[in-house]
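See structure below.
Protein chains: 4
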Amino acid sequence: MSTAISAHERVALSLARQGMMNHLDVRLLSAVAGRVELALPYGDKVTQQQGGFHGGAIGALADIAGGYAALTVAPEGMEVLTIEYKINFLNSLQGGELRGIGQVLKAGKRVIVTTAEVLHIDANGQQTPCAVMQQTLTTVPQTY
Amino acid sequence: MSTAISAHERVALSLARQGMMNHLDVRLLSAVAGRVELALPYGDKVTQQQGGFHGGAIGALADIAGGYAALTVAPEGMEVLTIEYKINFLNSLQGGELRGIGQVLKAGKRVIVTTAEVLHIDANGQQTPCAVMQQTLTTVPQTY
Amino acid sequence: MSTAISAHERVALSLARQGMMNHLDVRLLSAVAGRVELALPYGDKVTQQQGGFHGGAIGALADIAGGYAALTVAPEGMEVLTIEYKINFLNSLQGGELRGIGQVLKAGKRVIVTTAEVLHIDANGQQTPCAVMQQTLTTVPQTY
Amino acid sequence: MSTAISAHERVALSLARQGMMNHLDVRLLSAVAGRVELALPYGDKVTQQQGGFHGGAIGALADIAGGYAALTVAPEGMEVLTIEYKINFLNSLQGGELRGIGQVLKAGKRVIVTTAEVLHIDANGQQTPCAVMQQTLTTVPQTY
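First to last, the protein sequences are chains A, B, C and D. FYI, the working numbering numbers position 22 of the first sequence as 403, with every residue one higher than the one before it. FYI, the working numbering numbers position 119 of the second sequence as 500, with every residue one higher than the one before it. FYI, the working numbering numbers position 50 of the third sequence as 431, with every residue one higher than the one before it. FYI, the working numbering numbers position 15 of the fourth sequence as 396, with every residue one higher than the one before it.
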């Protein structure tokens, strides 16, 4: 009988505690070891001056997609902290929703490197690349 | 008699159109040619899982601080588009508010390079470095 | 009868003009539209203080792998200029040689975004990830 | 009577061991706690296809300027390892020499964040900004 927490539960528990992501109605779509997918719907809370998704929303989604991918490979009792990331914006889009897909590239003892891509999906299911990110994280003891 | 729009008006007009920044109660503190300062207050809308400011909020503030600094030097009738940025997180903080200070490093014909720093200010006015960003933008015709 | 220059010729012609890359004995392994692979051998000219490949050599290889991938999709008569790149170092290695593989992620009118990975290959053909890079370039008229 | 090694000696000892930097005739100009300045002369070994300084040489200089700034604040017996950096190229130049100036932004227990700027100096002493870098390093036990 195992009591180990699954990657999905681990990410879901942390996500539920993020005021900002709840506020932006971010949903966890899937989380397995080394890969996490999240969704962020369009709306007034995430627009820039021309009505497209705000870079800040895209960046936040990429950040947590990569960060939660890292969390799925972090030792138990640890959580992850973003040291830095770099993001390129590829297309500006509005409506529909964004998908953020984070993947672990290297899980070192002290440093975890991830990549994330953000895709836009319109009402017809049409996908367009929106952003790509490269990110570095470290692990710290969980304090809650 | 000049009718030229000031740097401050130019930034304020664009900021007023950003759903996300209005939603996060971001305020424009100052905008002169090549330098812009903005404030983002603490609250439920910007927290991560441990109650600190969310990296997504810090990144969004840095992005627009650098972006609006770039806007102050862009030719009239043009606005700016973030190509990419890279951000390092220095300290995790809660309460008080964040200040985002963007500055233009190089204003080329096609590419503008900026830096931004994000500072935390607590209830007693104590300042702590929170993040530093390096950003690349391009100019595009304003469509609104 | 076509006189169009192939992607391979185009990259080879530029590479032959790069004093630094000749000096480091960099070889072009393949170049097709959107993808270029180069090799950099180990030796005294590329070591750091512990005898491993120098980050400067790894960065230079990644930079030109991404840059030459971009060149293969740039309009005729144009060459590419690196605006910026971001590189993560994954493992420190010595001996053997490095492979730099650049790929185009988005070829816009003004901005080209690429990624590159650098692999280490030892004497037995064993491959180890060495670095990953995300890069932004622009096109400028060729002047030579 | 102190036998502690100075920041300058510490950097000089490491630099002398870097095959690549010796090969490129890089010179240490100054090293104090948190700040290091290096010079890289122009020549065939550092050119790109148009005769300007190669991005690879500029990146390598920025990398070690930031890295050696970090070394001056690392605990005794430790050396530094670049986790990642991001560099923006501001101007393409030839002749004269490059100066790389690295500075520590934050010296944490596990992670050191630095910035570096690269300046070009022509035969008349005229200075032009060449590149800016933001870098993350970690400390590891010295093994030589």
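Virtual Cβ for every residue (Gly too), placed ideally from N, Cα, C.
What residues match up with residue i in a beta bridge as DSSP calls it?
i                     : result
residue 494 (chain B) : B:487 and B:517
residue 501 (chain B) : B:479 and B:509
residue 410 (chain A) : None; residue 410 (chain A) has no bridge partner.
residue 460 (chain A) : A:521
residue 469 (chain A) : A:513 and B:465
By Cβ distance, which residues of its chain are closer than 8 Å to residue i, with the 5 residues on each side in sequence left out?
i                     : result
residue 415 (chain B) : 450, 453, 454, 484, 485 and 488
residue 393 (chain C) : 409 and 412
residue 492 (chain B) : 464, 517, 518 and 519
residue 428 (chain D) : 434, 435 and 475
residue 391 (chain B) : 412, 452 and 453
residue 383 (chain A) : Annotation note: pLDDT 48 at residue 383 (chain A) (below 50); position unreliable, coordinate value reported separately. Cβ within range, chain order: n/a, list empty.
residue 496 (chain A) : 447, 483, 484, 486, 513, 514, 515 and 516
residue 389 (chain D) : 409, 411, 412 and 413
residue 398 (chain A) : 525
residue 456 (chain B) : 520
residue 404 (chain C) : 426
I'd like the span of the beta strand (DSSP E) that includes residue i, first residue to last.
i                     : result
residue 328 (chain C) : What the structure shows of chain C is the stretch from 382 to 525, and residue 328 (chain C) is not part of that stretch, so it cannot be assessed.
residue 524 (chain C) : That residue, residue 524 (chain C), is in no beta strand (DSSP E); it is neither H nor E in DSSP.
Less than 8 Å between the C-beta atoms of residue i and residue j, yes or no?
i                     : j                     : result
residue 471 (chain C) : residue 434 (chain C) : no
residue 426 (chain C) : residue 447 (chain D) : no
residue 438 (chain A) : residue 462 (chain A) : no
residue 419 (chain A) : residue 477 (chain A) : no
residue 354 (chain A) : residue 514 (chain A) : There is no way to answer for residue 354 (chain A), as the model of chain A reaches only from 382 to 525.
residue 500 (chain B) : residue 508 (chain B) : yes
residue 430 (chain C) : residue 387 (chain D) : no
residue 440 (chain B) : residue 424 (chain A) : no
What span of residues does the alpha helix (DSSP H) with residue i cover, start to end?
i                     : result
residue 390 (chain A) : 388-397
residue 403 (chain B) : 400-404
residue 420 (chain A) : Taken as a continuous stretch (DSSP letters only), residue 420 (chain A) belongs to no alpha helix (DSSP H), being part of the beta strand (DSSP E) at 416-422.
residue 449 (chain C) : 436-452
Only counting the same chain, and skipping five residues up and downstream in sequence, which positions put a Cβ closer than 7 Å to that of residue i?
i                     : result
residue 458 (chain D) : 522 and 523
residue 473 (chain A) : 433
residue 504 (chain D) : 476 and 477
residue 502 (chain C) : 477, 478, 480 and 508
residue 402 (chain C) : 396 and 445
Quick one: residues in its chain with C-beta nearer than 6 Å to the C-beta of residue i, no 5 flanking neighbours on either side, listed in chain order?
i                     : result
residue 406 (chain D) : 422
residue 498 (chain A) : 482 and 513
residue 490 (chain A) : none
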